[in-house]
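As given, the protein sequences belong to chains P and L, one line each in that order. Numbers in my numbering are just positions in the first sequence, counted from 1, shifted up by 122. Numbers in my numbering are just positions in the second sequence, counted from 1, shifted up by 94. Each residue gets a CB set at the ideal place from its N, CA and C atoms; glycine is no exception. Note that the coordinates shown come from a computational prediction; the quantities given were computed from them, not determined experimentally. To start, the structure itself, in structure tokens.
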Amino acid sequence: EPEVTQTPSHQVTQMGQEVILRCVPISNHLYFYWYRQILGQKVEFLVSFYNNEISEKSEIFDDQFSVERPDGSNFTLKIRSTKLEDSAMYFCASSDGRPSGSPLHFGNGTRLTVT
Amino acid sequence: DQQVKQNSPSLSVQEGRISILNCDYTNSMFDYFLWYKKYPAEGPTFLISISSIKDKNEDGRFTVFLNKSAKHLSLHIVPSQPGDSAVYFCAASATGTYKYIFGTGTRLKVLA
């Protein structure tokens, strides 16, 4: 069964550094998402992406964050100048259609630890 | 403002019995709902969905019920198995938006 893959599985960075989290969505999917889960808390929406542009973003997704689909297969989340509170599991997801009709398929996440 | 709520943080059920997981929502514009299962160190895995035009959807041991007037949905697992032990999330979306809103999750433990 096709999978969403994320790399790395664990990233440790120092406060103030930039990180790039990488995702390879399912190949025929057109909609891409980033979510995060701070330890023990709910899964929070960050951003959705379709047709090479952001479709929707949450209030969490401020100027510190950016997303890119640099080629036909990768989807990246960049966090500039990381803060301690950015420590979380970051999940990439993709779907073959819009929400309200298509479930999201998630990768296994990248655990980001900011020290 | 928590639009999707799962008021039971945990649930324990004997193997073979029914597990009922509940979810409430406040946004009447939500029209598509999902249930996910999540094991530690893995991403959420899609289980079952339901559209607001239906009140029930069944897939094997899993059945989702939707009560629009009460803004409530539930996931029934029958019979429950030890491998079902995981955190279960409900999620909701509204037409015209490009996101799902997730609940806080319920940890299900199925006792052998």
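Contact fails between the region 189 to 197 of chain P and the region 110 to 129 of chain L, because fewer than three Cβ pairs, one in each stretch, are under 8 Å apart.
Taken atom to atom, the span from the alpha-carbon of Gly223 (chain P) to that of Ala186 (chain L) is near 11 Å.
For Asn174 (chain P), there is no enclosing beta strand (DSSP E), as DSSP marks it with neither H nor E. Taking all protein chains shown into account, Lys164 (chain P) has 16 or more neighbouring C-beta atoms within 10 Å of its C-beta and is therefore buried.
Phe183, Ser187, Ala188, Thr189: these are the residues of the region 177 to 189 of chain L whose beta carbon lies less than 7 Å from some beta carbon of chain P, given in chain order. Between Tyr126 (chain L) and Ala180 (chain L), the CB-CB gap reaches or exceeds 8 Å. Taking 8 Å as the threshold, the shortest C-beta distance from Phe154 (chain P) to chain L does not fall below it. By the neighbour-count criterion, in which 16 or more other beta carbons inside 10 Å mark a residue as buried, Pro103 (chain L) falls on the exposed side. Three or more Cβ pairs closer than 8 Å define a contact, and the region 159 to 173 of chain P meets that threshold against the region 192 to 199 of chain L.
Of the residues assessed, Gln96 (chain L) falls on the exposed side of the cut-off, its CB having fewer than 16 other CB atoms within 10 angstroms.
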